[in-house]
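S.K.:
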Amino acid sequence: GQNEKAAAVVIEESSAVVNQVEEETAAEQTAQNEKAAAAAATEESSAVVNQVEEETAAEQTAQNEKAAAAAVTEESSVVVKKVEEETGQNEKAAAAATEESSAVVNKVEKEIGQNEKAA
Numbered sequence: 208g209q210n211e212k213a214a215a216v217v218i219e220e221s222s223a224v225v226n227q228v229e230e231e232t233a234a235e236q237t238a239q240n241e242k243a244a245a246a247a248a249t250e251e252s253s254a255v256v257n258q259v260e261e262e263t264a265a266e267q268t269a270q271n272e273k274a275a276a277a278a279v280t281e282e283s284s285v286v287v288k289k290v291e292e293e294t295g296q297n298e299k300a301a302a303a304a305t306e307e308s309s310a311v312v313n314k315v316e317k318e319i320g321q322n323e324k325a326a
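Here the sequence shown stands for residues 208 to 326, where the numbers follow the working numbering.
1. What number of angstroms, rounded off, separates the C-alpha of threonine 305 from the C-alpha of alanine 276?
2. Could you compute how far the alpha carbon of threonine 263 sits from the alpha carbon of glutamate 250?
3. Let me know the alpha helix (DSSP H) ranges lying completely inside the segment 298-322, each 4 residues or longer, listed in chain order.
4. Hey, how far is the Cα of alanine 238 from the Cα of valine 224?
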């Protein structure tokens, strides 16, 4: 009878140990699962951050290129205006020279006419 009691106590005790080990194993597994989940989430959000950074960089590059193109366009527009102004001034100068030489021709013709009359 005592042997049976002793056996029962040993069985109960070893059963309690098994239960405790199982609980600890389950807790450890849960902790590992949580770690893995956290790592996965971190990696995912890191990937999202990288993508956002890449898109932002691409957008910035596009804006820089637009700004550069606009600046070049503006600059060449200024150059064109300047050339047009200079061309306009040259045309005015040419017109003035033509007018002047026309006046000289008229004067010479008048003088020739007077000389002819005088002669």
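Every residue, glycine too, gets a C-beta built ideally from N, C-alpha and C.
M.R.: So, to answer that:
1. Counted from its first residue, the sequence shown places residue 305 at position 98. Counted from its first residue, the sequence shown places residue 276 at position 69. Straight-line measurement puts the Cα of alanine 276 at about 43 Å from the Cα of threonine 305.
2. As a working note, residue 263 is residue 56 in the sequence shown. As a working note, residue 250 is residue 43 in the sequence shown. Their backbone Cα atoms lie some 20 Å apart in a straight line.
3. Complete alpha helix (DSSP H) runs here, min 4: none at all.
4. The residue given as residue 238 occupies position 31 in the sequence shown. The residue given as residue 224 occupies position 17 in the sequence shown. When rounded, the distance between both Cα atoms is 21 Å.
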